[in-house]
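Undergrad:
Numbering (the UniProt record's numbering), first residue to last: 1 to 222.
1) Can you look up residue 151 in the DSSP assignment and give me helix, strand or coil?
2) Is residue 141 helix, strand or coil by DSSP?
3) On the CB-based measure, 16 or more other CB atoms within 10 Å of its CB, does residue 40 come out buried or exposed?
4) Look at residue 102 and residue 138 and say whether their C-beta atoms are less than 8 Å apart.
5) Are there 16 or more other CB atoms within 10 angstroms of the CB of residue 141, so buried, or fewer, so exposed?
6) Among the candidates 80, 129 and 121, whose CA atom is the shortest distance from the CA of residue 93?
7) Going by DSSP, what residue range makes up the alpha helix (DSSP H) through residue 199?
8) Excluding the 5 residues flanking residue 69 on each side, which residues of the same chain have their C-beta closer than 8 Å to its C-beta?
9) In the structure shown, what three-state DSSP assignment does residue 121 receive?
10) On the three-pair Cβ rule with 8 Å, is the segment 118–137 touching the segment 30–39?
11) Could you check the C-alpha separation between residue 228 and residue 3 for me, to the nearest Å?
12) Per DSSP, which one or two residues make a beta bridge with residue 37?
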């Protein structure tokens, strides 16, 4: 059986949009054919890293999902990968030919905002001797998660789900040809996306006892 390691690189852990994408891929892969492992960088960095890194080292496939943070990875994920590199270096161990897939989602309505983050993943893979298969950059990631239980709105995200399924296809068919990164947005009009965004921010402001007017404050403008 092949070993598959799912890595959730979001600081929000199980509440993250990244969890949704990892679960979609997990459910599409038959457990009879794969041994699956789940790594949450938020909790694992506080635990037994030696055991976690051993799991990574033995993986045939790694599926990494994380949110876009300032055109890059969350710092916790960066630290996790740096520690893994040090682990390999100290052990004088070379990773087996592991295939890695990355799913990056951002809050912007333009998936191309994820380009630089996927370049960073590619460079990390070279350093770790991991084969970077391809990445999927998702725009309006919050909308995909928000609409998952609404049949009407969820249809707008069908193109995102189809892109996610390409990872499953690549693994199950052991595709060897080079594949370019995929960038996809849910089919939601930008105007409607911003309306949903305003509703979301106002809702969270109210929940945290913040006046709506305070959302427009610019404390560092002077």
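From the three backbone atoms N, C-alpha and C, an ideal C-beta is built for every residue, glycine too.
All figures in this text were calculated on a predicted structure; none of them were measured in a lab.
TA: This is what the structure gives:
1) Here residue 151 corresponds to residue number 151 of the chain shown, with the count starting at 1. In this structure, residue 151 counts as helix in the three-state DSSP scheme.
2) Taking the chain shown and counting its residues from 1, one reaches residue 141 at position 141. Here residue 141 sits in helix by DSSP.
3) Translated into positions along the chain shown, residue 40 becomes position 40. Residue 40 should be labelled buried.
4) Residue numbering aside, residue 102 sits at position 102 when the chain shown is read from its first letter. Residue numbering aside, residue 138 sits at position 138 when the chain shown is read from its first letter. Going by C-beta atoms, residue 102 is not nearer than 8 Å to residue 138.
5) Indexing the chain shown from 1 puts residue 141 at position 141. The residue in question, residue 141, is buried, as its Cβ has 16 or more Cβ neighbours within 10 Å.
6) The count along the chain shown starts at 1 and reaches residue 93 at position 93. Measuring from the Cα of residue 93, the nearest candidate turns out to be 129.
7) For the purposes of this step, residue 199 is identified with residue 199 of the chain shown, where counting begins at 1. Unbroken alpha helix (DSSP H) run through residue 199: 190–207.
8) Reading the chain shown from its first residue, position 69 is the one you call residue 69. Taken in chain order, the residues that qualify are 75.
9) Here residue 121 refers to the residue found at position 121 when the chain shown is read from its first residue. Residue 121: helix per DSSP, three-state reduction.
10) no
11) It is not possible to answer for residue 228, since the shown part of the chain is limited to 1 through 222.
12) As a working mapping, residue 37 is identified with position 37 in the chain shown. Answer is 5, bridged to residue 37.
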